[in-house]
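Below is one structure, written out as C-alpha cells, with a few remarks after it.
Protein chains: 4
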Amino acid sequence: MTVINGYEQSDREQKLDILNLPSLEEQAKAIIPTGGFGYIVGGAEDNWTLRQNTKAFAHAQIVPKALSNIENPDLSTSIFGIPLKTPVMMAPAAAQGLAHSQGEKDTAKGVAAVGGLMSQSTYSSTSIADTQAAAPDAPQFFQLYMSKDWTFNESLLDEAKKAGAKAIILTVDATVDGYREADIINNFQFPIPMANLTKFSEGDGKGKGIGEIYASAAQKISEADVRRIAEYTDLPVIVKGIESPEDALRAIGAGAAGIYVSNHGGRELNGGPAAFDVLPAIAKAVNHQVPIIFDSGVRRGSHVFKALAAGADLVAFARPVIYGLALGGALGVQSVFEEIDHELAITMQLAGTQTIADVKHAPLTHFNYED
Amino acid sequence: MTVINGYEQSDREQKLDILNLPSLEEQAKAIIPTGGFGYIVGGAEDNWTLRQNTKAFAHAQIVPKALSNIENPDLSTSIFGIPLKTPVMMAPAAAQGLAHSQGEKDTAKGVAAVGGLMSQSTYSSTSIADTQAAAPDAPQFFQLYMSKDWTFNESLLDEAKKAGAKAIILTVDATVDGYREADIINNFQFPIPMANLTKFSEGDGKGKGIGEIYASAAQKISEADVRRIAEYTDLPVIVKGIESPEDALRAIGAGAAGIYVSNHGGRELNGGPAAFDVLPAIAKAVNHQVPIIFDSGVRRGSHVFKALAAGADLVAFARPVIYGLALGGALGVQSVFEEIDHELAITMQLAGTQTIADVKHAPLTHFNYED
Amino acid sequence: MTVINGYEQSDREQKLDILNLPSLEEQAKAIIPTGGFGYIVGGAEDNWTLRQNTKAFAHAQIVPKALSNIENPDLSTSIFGIPLKTPVMMAPAAAQGLAHSQGEKDTAKGVAAVGGLMSQSTYSSTSIADTQAAAPDAPQFFQLYMSKDWTFNESLLDEAKKAGAKAIILTVDATVDGYREADIINNFQFPIPMANLTKFSEGDGKGKGIGEIYASAAQKISEADVRRIAEYTDLPVIVKGIESPEDALRAIGAGAAGIYVSNHGGRELNGGPAAFDVLPAIAKAVNHQVPIIFDSGVRRGSHVFKALAAGADLVAFARPVIYGLALGGALGVQSVFEEIDHELAITMQLAGTQTIADVKHAPLTHFNYED
Amino acid sequence: MTVINGYEQSDREQKLDILNLPSLEEQAKAIIPTGGFGYIVGGAEDNWTLRQNTKAFAHAQIVPKALSNIENPDLSTSIFGIPLKTPVMMAPAAAQGLAHSQGEKDTAKGVAAVGGLMSQSTYSSTSIADTQAAAPDAPQFFQLYMSKDWTFNESLLDEAKKAGAKAIILTVDATVDGYREADIINNFQFPIPMANLTKFSEGDGKGKGIGEIYASAAQKISEADVRRIAEYTDLPVIVKGIESPEDALRAIGAGAAGIYVSNHGGRELNGGPAAFDVLPAIAKAVNHQVPIIFDSGVRRGSHVFKALAAGADLVAFARPVIYGLALGGALGVQSVFEEIDHELAITMQLAGTQTIADVKHAPLTHFNYED
C-alpha cells in the first residue's frame, strides 16, 4: 500500500478471478478509502438517472438469429481507422490514483493488453505523457475539460498531440459539478494531485473538492469551441455528453468527428433519461455520418451487445475498470476487460452474430419490462 | 423549547447543513411531537396519491441542451409584476406553530432572506399582520379557507389586504378534511391556537381536530365565490386545487388571475392522479392566460425544473420548509430554500438553460419509468 | 367463545374503532382459527389475480370537479326499485359461522343497521329463513350455487322467495373449486354445518372440504339455467362472475336482470385480469340495460368511487365484513360499513359529487401507475 | 443414497404431496448436492431472461367464458398423430443423474404414468436405449446437440430411431454454453458420466464442465443441418430455440416438422425477451403449418393455459420435473405432472374450455401488469 497525504492507495498487481463486474463494487469498496470510493461510485442528487442507466437495458431485448451458421465471433472493430480488438473501451475517468498508486498508467497497460482503446481524463492522476508511455504502442484518446484559460487548453492539447493522442474527447455535459451527495457526506477533498493541473495557475487539484476544480473549468461551451479545438489540433474531436438528436446534429455541424452519447454515468444532470434510452434516436439522426461512442450503466456483455445494436460503434465504461484497477492494477484492468469481452463473445455467438458489424445490424425488440 | 398546553415547540434558530430535503423528515420527526409531526407529514386514506406525487417526476425526463454557451444561471422570475429571486415559493400551510414557537413569522423571514414568495394559510398559528410584519418588505400571498360566515371571510380579506397581501389564494380542494389516518392514530387535537380563528364565533381552533375546524369552513364553493372575492378585494385571486383543464378554464372564466395546480400534497382527495401528471394538459389549456403555480411532491431541484418545463410558472412546497423551520427557525427555512435553489441552479446549468424562461421552454421527454 | 366440533367461534358483539379495512385482516387472524381464516382469506393458485384485484384500482384515477358547489354528499341509491342508504353491499360469502357463532344472522343485522343490501350464500352457516328473520325488514338477495339436483335448487329458491328475497344471484364462475393453497396447507374441512345443505341428500357440509361440497354442485351451467331460474322464481336473476362484454350480453340475452362483475375475489380462476380492469368495457356493452354489481378487491372508499365511476351501480365486498363480524358481531359489521361509507362520503365531497348518480358520471383518467 | 465419484444421488421412490411446483425448488435444494443443484437451477449472466420468463405470464390474462355448459375438461391431445393424455411434456434436460440415481429412466417412467410425452437429451445420464426401455410403450422424442463429428451424430440418430423415437428435437440456441454463474461459483464439473457421450472420442463427460462438453458440439448450425437430419432419419425434426417469426419460417422452409419456442429456460442467451412474449407473433407466422412446442418459465396450470391460448400445441418444462425426480424418483415425476395437470384442469373448467382445442381458441387479454 502507498500512503499519500494520509490516503491509502492500493499497490496490487494481479489477475482477478471475476464472477461478474457488478460484484467488483463491493470488493473494491473494502480496499478504497471511503472518500475516494464515494467519489468513484457516486451519482448526482438522488441517483435517479444513475439507477435508470443500468435498468434501461431491460427496455430493449436481443432477438437471436437461429441457424446462423457462425462460430468463434470476432470482437475486433475500429474507429478512425484505428484497429481495436474489442468494441469496449475505457471511458475517460478522473483521478484514478484514488484507486491505485499507479493510477492511469496501470489502466492504460491493462487496456493495451486486451487490444482496447484507452482514453485519458484531463483530471488524471498521472500526466498525459506518463500515461501514454505506460502503453506506448496502444491507441489513446485525450479527454478535455475545457478551462476558462485558453492558454492552458492549448498547452494540454499540445501535450496530448505530442504524446500521440488519436482524438480529442470534448466533454460538454459537465459545465458545473453535479450535486454528488456521497462527496458531501464524506466532505471529500482530493488527496492526490492531478498531474495535468500543475499547469493551472490555481494549483494541482490536491486538497480540493471536485466543485472547486470544476470552478476553473469553463461553464460556457459552444459550437465555436468544437471548431476551435478541431482546427487547433487537427485531430478528430468527439463531443461527449450528447443526449438528443438535435444536439448530435449541431455538434456534427460544428465539426465533431464523433458523437459520445452519455449522461456522465449519472454523475452530472439528474432527472434526464437513461443514456441507453436516447441512443436509438440519436443514432438514427446521425445516420453513420460519424461514429458514436456510448457509455453510462454498462455492466454486462449483453449490455454491450444491446448498445451496439442500438446504434453505438464503441461502448465505454469506467467504474468497473477502476474497481479492477484497485483490486489488481494493470492485470486487474485486463481481467475486467477480458470478463466483459468473454460475456460479449458468448452473447454474440448465441445471438448468431459473427462480427461487430453483424451486431450493429442485429434487431432489438421492445417488450415492456420495467427492469 | 417552548411548552404550550403541554406541547413542546422548537425554539432553534440556526443555519442547517442540509444534504437533501428528503433527509430532513427523519430529523424533524425527532424533535416535533408525535401528534404535530403526524399532522404535517400525513396524507389521506392509504397515501396512494401522496406517494405518486413524488414518484411521478420519473414520468418526464429532462433533455439537456449541449453546447448552450451559458453560465451562472439566473433563478429570478416574477408573478403579477412582483420580482422574485427564485421560482420556488412557500406553499400555504397551516399551524406552523406545531413545528416552531415563532411559527409563520420565522417562515416568512426565511423566505424573505432568499428573495422568495411567502404565502400564509388561514389556519396559521400567527396572525396575518404579525406574519407580514416579520418580513415587512417581502411579498406575501394570503390563502383563504372560505368560512360559511361571509362576515368572517371579509374580515380576513380586509386584514390581508391591509397587511399588504399581493394576492389571494382560494383553496377549493379541501371542502372537507381528507381521511388522514395519522391524525386518527394520534387522536390529534391542535394544542396551539390559530391566530386568525380568534375571530370565528366558535373559538380559536385550539383543542380541536382538523375535522372540527373544517366544519366551520364552507363546503359549498362555486365560481361565484371566486368572482365575489376578486371583486371584494380587487386583488388577484388564485384558485388552488385545480386538477383538470376544464376546471382551470372554469376558474379563469370566473375571474381567477392564477391557477394553482395541486392535490393538497395528497392530504385531501386520495385516488386522484399525481399533480405533476395533470400539469401539462392544464398548462396547455390555460395557454398563458394566467400564471400557474404548482405544488405536491416537490423535493428536488430536478423536480422544480421538470414542473417549470411542464408548464408551471412558480413551484411551491411546504413540508420540507416546515421541517427546516423546526430544525432551525428562520435560518432553517432559509437553508431549505438555499438547498433547493442550489440544486435547481445546477440542474439549469447542466440542462443548458440560462433563465427561468429558458427552463419553461425546455423540452421534456417521456420514456416509461415507473419510479 | 362458542366451541363447535372443536372449532372456536367468536361471540363478540361490539362497535369497532376502525382505522381502515385492510388493518382488520391482522386483527381477525388473531381470533379466527387457522383453518377458518385460511379459507376466508385465501385465493387461487399463486394468488396472482387476487393481488391484482386491489392493485388495479391504481389504473384509473379520480378527476375531482372543483368549484362544484356541493355539500353533504348523499350516498343513497337503489336497485330494482329497492331504496338503499349506501351503494356498498354485502357480497354473498359462504360459511360465516367460521368467523362468528351468529354467522350470517349478525351480518344481516349489521348491514340492515346501515341501510344496506345483504346477500346470502347457498353455503351459509345459517338458514335462509333465519338470516332473513335476523333483519326482517331489510332487503336481501339470495345467491345460488346451482346443484346438479333441480329438486334441491327449487327447494332453495322456494325458501328464498318465501323469506322475501328480492333477487337471485346465480354464481357462474365457480363451477369447480379454485386451487386454494391455504385450504390445502391447513387440510381444511368445514367444522360447522351449512344450514341450507341439510336438504342435500349427501349431508350438511360439515367435515368436508370445499372441493367435496362443490362436487355436489353443477359444473355445467348454461344460458338455459338463467332462463329457468328466472321463470321459476319470477324474481330478477343476477348473473355473478362475468368478466367480458360478450358474456354480459349473453347473460342479458338469457334473461339476466343484472350483471355481477367479479372474479370471485381471486378465489376461483387465477390468471384472469383484475375485476376492476374489465369493468369499463362490460359497462359500455351493457349500456344501462340492467344494473351492474361489482366486487373483487374493494377495500377503500376511493375504490368504491372508482368502481361506480367505471360503470358499477352497486359495489360489494365480503372479506373485510367477515373480519368485522369476527371482531364485533352485528355491531362490528355495522362498523365496517360505516367506515367505508365514511371514506366514500369524503371522497364524494372532495371529488365534487353530490349523489351516487354524480359519481357514476364522474370522469376517470388513466395515467400509468403500476400500483 | 447412491454415491458416485463422491456425488450423492437420491434413491427416493415415492409419491409426493405437492402444494405447488415452485415450492419444490427449496425441497430439492436440500437433497441435491450444491454443484448439481446449481447446474439445474442456474440461468445465464444476471438471470434477467430467466426471471422474465415466469414474470411474463402476467402480460396476458385469461378471459373466462361464462355459462359455457361444460364439465370434466379433457386434457388429451396429440402431436404427429401420437395420442397424449396431457399437453404438458417433459422438456429435454441434461444429466438427470445429478438429481437421482435412476436418472432419465425414472423420468421416462413418471411421464409414461401420466400418459405424457418424454424427450431425451443428448447429454442424458442414461442411454437412449435404456431410457426408452424404462417405459417401452410410451412415446419419446430424442433431442440432439449436434456434434462437430457427423459420424457421431449419425450414430446417435441411429440409436434413437432404433429405440423408437418419434421425432428429433434439434437444439439450435445453445451453440456455446451460456455464462452460468452458479456453475462458476461452484466450479462445477459433471461427476457422473453422460451415457451417450461414451461414443464421443473425447470421453463421456464425467469430470468436465458444461463448457468443455459444449466444445465438442457444433457451433455452426444451419438450415442445411435441419434438412440433413430430416433426410437421414426420416423422422419429424423439431427445431428448438426459436425466438422470432422469421426464424420459425426459415426453419420450416428448411424442412422442420415442428417449431420449439424456447430460450432454453434462460440458460443460454441472456438479454432476450421472455419466451412467452415472443410466442404469439411466432404462432401467427407459423399459422398452423407445423405444431409448436413451448417452454421456459412454466410453473403453473394457468401458465400452461396461457401458453396454449397464445399459440402453443404442447407445453414443456424441466426444472420442476427434475426436482420431483430427486424427491421421489418415477413416482415423484408422476406427482409433478399430476399436480400441473390438476391445476390445468381446474383452469380449463373455470375458463369454460372443454378441450385442449378450446383452450387454443380461448381469448387472452392484455392489461398492463408488470408481474
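Here the protein sequences come in this chain order: Z, P, S and A.
Per our numbering, residue 17 is the first one in the first sequence, and the count goes up by one each step.
Per our numbering, residue 17 is the first one in the second sequence, and the count goes up by one each step.
Per our numbering, residue 17 is the first one in the third sequence, and the count goes up by one each step.
Per our numbering, residue 17 is the first one in the fourth sequence, and the count goes up by one each step.
We treat Cβ as the ideally placed atom computed from N, Cα and C, and that holds for glycine.
All of these numbers come straight from a predicted model, not from anything done at the bench.
Proximal residues of chain Z, C-beta to C-beta of residue i below 8 Å
{"i": "P:D359", "result": "Before going on, a small fix: residue 359 of chain P reads as Glu here, not Asp. By Cβ distance, chain Z contributes E61, Y195."}
Whole-Å CB distance - residue i paired with residue j, under 8 Å assumed
{"i": "P:K235", "j": "P:V192", "result": "Looking at the sequence itself, residue 235 of chain P is Gln, so the reference to Lys does not match. About 6 Å; that satisfies the 8 Å criterion."}
{"i": "S:I275", "j": "S:A264", "result": "5 Å"}
{"i": "A:V320", "j": "A:I298", "result": "17 Å between Cβ atoms; not a contact."}
{"i": "A:E197", "j": "A:G51", "result": "Incorrect: roughly 13 Å between the Cβ atoms, too far for contact."}
Sheet register partners of residue i (DSSP bridge)
{"i": "S:D90", "result": "S:T371"}
{"i": "S:H116", "result": "S:S26"}
{"i": "A:Q77", "result": "A:T381"}
{"i": "S:T18", "result": "S:Q25"}
{"i": "A:A233", "result": "A:S163"}
{"i": "A:V104", "result": "A:V331"}
{"i": "Z:F158", "result": "Z:Q136, Z:I184"}
{"i": "A:F310", "result": "A:V277, A:V331"}
{"i": "P:P99", "result": "P:S94"}
Contact set for residue i: own chain, Cβ-Cβ below 7 Å, skip 5 residues either direction
{"i": "P:T70", "result": "G313, R315"}
{"i": "Z:I258", "result": "A264, A267, I275, Y276, V277, I298"}
{"i": "P:S238", "result": "none"}
{"i": "S:E170", "result": "Y248"}
{"i": "P:Q370", "result": "I86, P89, D90"}
{"i": "P:F204", "result": "G51, G54, Y55, G225"}
Chain S contact residues for residue i, given Cβ-Cβ distances below 7 Å
{"i": "P:P336", "result": "Those within 7 Å of P:P336 in chain S number zero; the least Cβ separation is about 24 Å."}
Proximal chain Z residues relative to residue i, where beta-carbon distance stays under 7 Å
{"i": "A:N286", "result": "S318"}
{"i": "A:D388", "result": "Residue 388 of chain A falls outside the range modelled here, since chain A spans only 17 to 387, and no answer is possible."}
{"i": "A:V192", "result": "I362, Q365, L366"}
Cβ-based neighbour list, residue i, same chain, cut-off 6 Å, excluding 5 preceding and 5 following
{"i": "S:S217", "result": "Confidence in S:S217 is poor, its pLDDT being 49 and thus under 50, which makes the residue's placement unreliable; the coordinate value appears in the next sentence. Once the five neighbours on either side are set aside, S:S217 has no close Cβ partner at all."}
{"i": "S:N21", "result": "P207"}
{"i": "S:G395", "result": "What the structure shows of chain S is the stretch from 17 to 387, and residue 395 of chain S is not part of that stretch, so it cannot be assessed."}
{"i": "A:I372", "result": "T93, P103"}
{"i": "A:G176", "result": "For the sequence presented, residue 176 of chain A should be read as Ala rather than Gly. Once the five neighbours on either side are set aside, the close Cβ partners of A:A176 are I144, F158."}
{"i": "P:T381", "result": "Q77, V79"}
Sub-9 Å separation of residue i and residue j beta-carbons
{"i": "A:S142", "j": "A:Q159", "result": "The question names Ser, yet the displayed sequence has Thr at residue 142 of chain A. No, the pair does not count as a contact, with Cβ atoms beyond the cut-off."}
{"i": "S:I201", "j": "S:L251", "result": "no"}
{"i": "S:I254", "j": "S:F157", "result": "yes"}
{"i": "Z:N279", "j": "Z:Y195", "result": "no"}
{"i": "A:M105", "j": "A:V127", "result": "yes"}
{"i": "S:K121", "j": "S:L186", "result": "no"}
{"i": "Z:L213", "j": "Z:Y139", "result": "yes"}
{"i": "S:A135", "j": "S:A115", "result": "Strictly speaking, residue 135 of chain S in this sequence is Ser, with Ala absent from that position. The answer is no: Cβ separation not under 9 Å."}
{"i": "Z:P155", "j": "Z:L173", "result": "no"}
Chain-ordered neighbours of residue i on chain P, where CB pairs are closer than 8 Å
{"i": "S:L83", "result": "V188, I237, S238, E239, D241, V242, V255, D263, R266, A267, A270"}
Interface partners of residue i on chain A, CB under 8 Å
{"i": "Z:N36", "result": "E61, D62, E197"}
Per-residue contacts from residue i into chain A (C-beta, under 7 Å)
{"i": "S:V306", "result": "Chain A residues near S:V306: none, gap ~15 Å exceeds 7 Å."}
Under 9 Å by beta carbon: chain S residues contacting residue i
{"i": "A:V375", "result": "Result: empty, since nearest Cβ-Cβ is about 12 Å, beyond 9 Å."}
{"i": "A:V79", "result": "E259, S260, E262, D263, G288, P289, V294"}
Residues that residue i contacts on chain A, provided the C-beta gap is smaller than 9 Å
{"i": "Z:F321", "result": "G287"}
{"i": "S:E386", "result": "N384, Y385, E386"}
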